[in-house]
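Here is the structure we will look at.
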Amino acid sequence: MDANKTTSALLYLDGISVSFDGFKALNELSFMVEPGEMRAIIGPNGAGKTTMMDVVTGKTRPDTGDVYFGQGAYDLSKLDETEIAELGIGRKFQKPTVFEMHTVEDNLLLALKNDRGVRATLLWSTSAPQEKRIDEILDTIRLKHLRSRVAGSLSHGQKQWLEIGMLLAQEPKLLLVDEPVAGMTDAETMQTALLLKEINQTKTVVVVEHDMAFVRELGVKVTCLHEGSVLAEGTIDQVSTNDRVVEVYLGR
Ligand SMILES: Nc1ncnc2c1ncn2[C@@H]1O[C@H](COP(=O)(O)OP(=O)(O)OP(=O)(O)O)[C@@H](O)[C@H]1O
Numbered sequence: 000m001d002a003n004k005t006t007s008a009l010l011y012l013d014g015i016s017v018s019f020d021g022f023k024a025l026n027e028l029s030f031m032v033e034p035g036e037m038r039a040i041i042g043p044n045g046a047g048k049t050t051m052m053d054v055v056t057g058k059t060r061p062d063t064g065d066v067y068f069g070q071g072a073y074d075l076s077k078l079d080e081t082e083i084a085e086l087g088i089g090r091k092f093q094k095p096t097v098f099e100m101h102t103v104e105d106n107l108l109l110a111l112k113n114d115r116g117v118r119a120t121l122l123w124s125t126s127a128p129q130e131k132r133i134d135e136i137l138d139t140i141r142l143k144h145l146r147s148r149v150a151g152s153l154s155h156g157q158k159q160w161l162e163i164g165m166l167l168a169q170e171p172k173l174l175l176v177d178e179p180v181a182g183m184t185d186a187e188t189m190q191t192a193l194l195l196k197e198i199n200q201t202k203t204v205v206v207v208e209h210d211m212a213f214v215r216e217l218g219v220k221v222t223c224l225h226e227g228s229v230l231a232e233g234t235i236d237q238v239s240t241n242d243r244v245v246e247v248y249l250g251r
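Mind the numbering: the sequence shown is residues 0 to 251 in numbering that gives the first Met the number 0, read in order.
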């Protein structure tokens, strides 16, 4: 549905409230993400971070408020999950969901040609542009040397990167990434920060994460949610020294 709201933002949540059985998971939540930006979202358990992502992707409908996408061109709160995905919004859930029995390369191929079934896709010959795109993605996600490995044999961190690569194959304009470094080693965490910074050179990214060392490494604007609203927003130094943020989240 066309919205025709005037805004420079790629994503604009405007007064979003969501209740579950009378409990307000999101409470008049408003914030904007500009095109080309990477935004880190932090906040205590139950702050509403996952619900916010669910609202953006159409999994949960807000009770009130609008979600504008594409400089106000669309109101996502009026669209279903498929329509939203087709507008170019890709989401990576916390747990990796790669095809464990298939190779790294075939996983990317499946993501590139996700309009066909698994068997048909893998029997179909791969075109030169598809090969090139797979090479580019393998470079980005640092898995070129493992392209023929079965995905099930990858480390947890490598599976997360592969899944990020599968999202990239769909050429999203906006990537939503939910706790990408949970369970990763310190080295993998820092690699993931680098990877997302590289991806952010061409795509807008919203990343939810509890790992503050990782968020600091990203070096981007941070939004702290609490009880379904924005508690603080700014640089990591501004947010992490905010008295309320320390009280409800960091100081615990
Ligand atoms: N489907 C649901 N039914 C009932 N309550 C829900 C539902 N989904 C979320 N909630 C509640 O809404 C609140 C916000 O949850 P949400 O998962 O969005 O928080 P979060 O910030 O992502 O937390 P975490 O950091 O633990 O992932 C929580 O109190 C949660 O229990």
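Built from N, CA and C at the ideal position, the CB exists for glycine as well.
- prompt: Skipping 5 residues on each side, what residues in its chain have a beta carbon closer than 7 angstroms to that of valine 214?
  reply: Ala39, Ile41, Glu208, Val221 and Ile235
query: Quick one: does the C-beta of alanine 127 sit closer than 7 angstroms to a heavy atom of ligand 1?
result: no
- request: Quick one: residues in its chain with C-beta nearer than 7 angstroms to the C-beta of alanine 231, no 5 flanking neighbours on either side, listed in chain order?
  value: Cys223, Val238, Asn241, Arg243 and Val244
query: Is lysine 58 near ligand 1, judged by its Cβ being under 7 angstroms from some heavy atom?
result: no
field: Option in Thr191, Lys23 and Glu170 with minimal Cα separation from threonine 50
entry: Lys23
message: Given 7 angstroms as the limit, tell me if lysine 48 has its C-beta closer than that to any heavy atom belonging to ligand 1.
response: yes
query: Which whole runs of the alpha helix (DSSP H) in the stretch 180–204 are 4 residues long or more, in chain order?
result: 185–198
query: If you follow the beta strand (DSSP E) that arginine 148 is part of, which residue opens it and which one closes it?
result: That residue, arginine 148, is in no beta strand (DSSP E); it is neither H nor E in DSSP.
- prompt: At what residues does the beta strand (DSSP E) containing aspartate 177 begin and finish?
  reply: 173–177
task: Rounded to whole angstroms, what's the CA-CA distance from leucine 194 to aspartate 185? Just pull it up for me.
output: 14 angstroms
- request: Following the continuous alpha helix (DSSP H) through arginine 132, name the residue where it begins and the one where it ends.
  value: 127–139
Residue closest to glutamine 159, alpha-carbon to alpha-carbon, out of Thr63, Tyr11, Ser126 and Leu107: Leu107
message: Helix, strand or coil, according to DSSP, for serine 16 in the structure here?
response: strand
- request: Report yes if the C-beta of asparagine 26 is less than 7 angstroms from at least one heavy atom of ligand 1; otherwise report no.
  value: no
- request: In angstroms with no decimal places, state the Cα-to-Cα distance between leucine 173 and glutamate 36.
  value: 10 angstroms
query: Near glutamate 99, what residues of its chain come up, given a Cβ to Cβ distance below 8 angstroms and the 5 sequence neighbours on each side ignored?
result: Val149, Ala150 and Gly151
- request: Report the rounded CA-to-CA distance for glycine 87 versus aspartate 74, giving the unit in angstroms.
  value: 14 angstroms
message: Rounding to the nearest angstrom, what Cα-Cα distance links proline 43 and aspartate 177 in this structure?
response: 14 angstroms
- prompt: Quick one: what does DSSP say serine 7 is sitting in, helix, strand or coil?
  reply: coil
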